[in-house]
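Engineer: Read the sequence shown against my numbering and you will find it ends at 297, with the numbers running on by one and no gaps.
Where a beta carbon is used, it is the ideal one built from N, C-alpha and C, also for glycine.
Structure incoming, see below.
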Amino acid sequence: MSRFAIRRRYAASRPFVRHPAQLELFDFVADATAVDGMRILPWRGLSVWHCELDRQSAIMRPSRPLYHCFEITARQLTAERIRTCRDVPAIARLVDRLSAARYPSGCLHDLDRVWSRAELGDLLVEATNRRTLLAMGRDQPRAKGPALDPRRLPDNRLDHLIQTHGDISVVEALRVERERRTHAAASLYLSPTGA
103 MSRFAIRRRY
113 AASRPFVRHP
123 AQLELFDFVA
133 DATAVDGMRI
143 LPWRGLSVWH
153 CELDRQSAIM
163 RPSRPLYHCF
173 EITARQLTAE
183 RIRTCRDVPA
193 IARLVDRLSA
203 ARYPSGCLHD
213 LDRVWSRAEL
223 GDLLVEATNR
233 RTLLAMGRDQ
243 PRAKGPALDP
253 RRLPDNRLDH
263 LIQTHGDISV
273 VEALRVERER
283 RTHAAASLYL
293 SPTGA
C-alpha cells in the first residue's frame with residue numbers, strides 16, 4: 103500500500119470545511135481514541151502537540167501502528183487551531199518545523215510524510231501569518247477599510263501626500279481633511295474658558 107493510500111485510509115476523521123463556522127455542524131469526540139491499540143490524545147494545545155510529536159519521534163521504528171499514530175497525531179493540527187493559538191514560542195517552533203518538513207529528511211517517519219505539499223504549504227502560510235500577527239501585537243488581522251483614509255493619517259504624512267500625490271482628486275480630499283483639522287484646532291484655542 104502506498105503512503106498516499108495509507109494517508110487517505112488513516113486520515114483524521116475531520117470533514118473538509120471552508121469556514122470555521124461550519125465545524126459546529128459536526129460532533130467531535132474529545133476523548134482519547136485508540137488506533138491499532140495505541141492511544142491518541144485529544145488536542146490540548148500547540149505546545150503539547152509539539153511535545154507529543156517529539157515523544158513519538160523518539161520511539162519511532164519501522165512499525166505501521168507507530169506510523170499511523172504519528173500521522174493521526176500530526177493531523178490534529180489544522181489551520182483553525184493555528185489561527186486560535188496565542189503561544190508565540192510554539193508558533194515560532196511550528197514555523198521552523200513546517201519549513202523543515204518541506205524537504206525530505208533522513209528521519210524514519212517525519213512530517214514530510216504526513217501531509218501533501220499543498221496541505222503543508224497551507225499550514226505553513228497560516229503559521230507564518232500567525233507568527234507575524236503575534237509579533238505585531240495583534241490577535242486578529244486588521245479590519246479592511248478604505249485604501250486611503252485621510253482621517254487616519256498623521257499630520258506629517260498628510261502634508262507629504264498633499265505635496266507628492268499624483269491624483270488630484272485624492273489631493274483635494276487630503277486638503278479638505280487638513281482644513282478640517284485646522285478649524286478643529288483653532289476652535290480649541292478660541293473657545294471661551296469661562297475664566
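How big is the Cα-Cα spacing for Asp232 and Gly239?
Structural biologist: Sequence inspection shows Arg at residue 232; the Asp mentioned does not correspond to that position. Rounded to the nearest angstrom, the two C-alpha atoms are 11 angstroms apart.
Engineer: Just to confirm, are Met162 and Leu168 a CB contact at a threshold of 8 angstroms?
Structural biologist: Yes, they are a contact pair.
Engineer: Could you give the DSSP three-state label for Arg141: helix, strand or coil?
Structural biologist: In this structure, Arg141 counts as strand in the three-state DSSP scheme.
Engineer: Could you say if the region 187 to 199 and the region 145 to 153 meet the contact criterion of at least three C-beta pairs nearer than 8 angstroms?
Structural biologist: Touching, per the Cβ criterion.
Engineer: Indicate the three-state DSSP secondary structure (helix, strand or coil) for Val131 in the structure shown.
Structural biologist: With a pLDDT of only 45 at Val131, under 50, the local geometry of the prediction cannot be trusted, and the value read off the model is given with reservation. Three-state DSSP puts Val131 in coil, outside helix and strand.
Engineer: Quick check on DSSP: helix, strand or coil for Pro167?
Structural biologist: Looking at Pro167 - three-state DSSP - the assignment turns out to be helix.
Engineer: Report the three-state DSSP secondary structure of Trp151 (helix, strand or coil).
Structural biologist: Helix at Trp151.
Engineer: Please state whether DSSP places Thr180 in a helix, a strand or coil.
Structural biologist: The answer is coil: DSSP assigns Thr180 none of H, G, I, E or B.
Engineer: Beta-carbon separation of Glu182 and Val216 under 8 angstroms?
Structural biologist: No; because the gap between Cβ atoms is not below 8 angstroms, this pair is not in contact.
Engineer: Between the alpha carbons of Ala275 and Ala287, how many angstroms are there, rounded?
Structural biologist: Straight-line Cα distance between these residues: approximately 19 angstroms.
Engineer: Give the list of continuous beta strand (DSSP E) stretches no shorter than 3 residues that lie fully inside the region 198 to 255.
Structural biologist: You should have found no qualifying run.
Engineer: Using the C-alpha atoms, what's the distance from Ala237 back to Cys187?
Structural biologist: When rounded, the distance between both Cα atoms is 13 angstroms.
Engineer: In whole angstroms, what is the alpha-carbon distance linking Cys153 and Pro191?
Structural biologist: Taking the straight line joining both Cα atoms gives about 13 angstroms.
Engineer: To the nearest angstrom, how far is it from the Cα of Glu228 to the Cα of Arg204?
Structural biologist: The straight-line gap from Cα to Cα measures roughly 15 angstroms.
Engineer: Where do the ends of the alpha helix (DSSP H) carrying Asp257 lie?
Structural biologist: Residues 257 to 266.
Engineer: Whole angstroms are fine: how far does the CA of His262 sit from the CA of Gly268?
Structural biologist: The alpha-carbon atoms of Gly268 and His262 are separated by roughly 12 angstroms.
Engineer: Can you tell me the Cβ-Cβ gap for Leu213 and Ala176, rounded? I've got them flagged as a contact below 8 angstroms.
Structural biologist: With a Cβ gap of about 6 angstroms, Leu213 and Ala176 count as contacting.
Engineer: Can you grab the Cα-Cα spacing for the pair Asp241 / Thr230, in whole Å?
Structural biologist: Straight-line Cα distance between these residues: approximately 14 angstroms.
Engineer: Please state whether the Cβ-Cβ distance between Glu281 and Leu260 is less than 8 angstroms.
Structural biologist: For Glu281 and Leu260, no; Cβs fall outside 8 angstroms.
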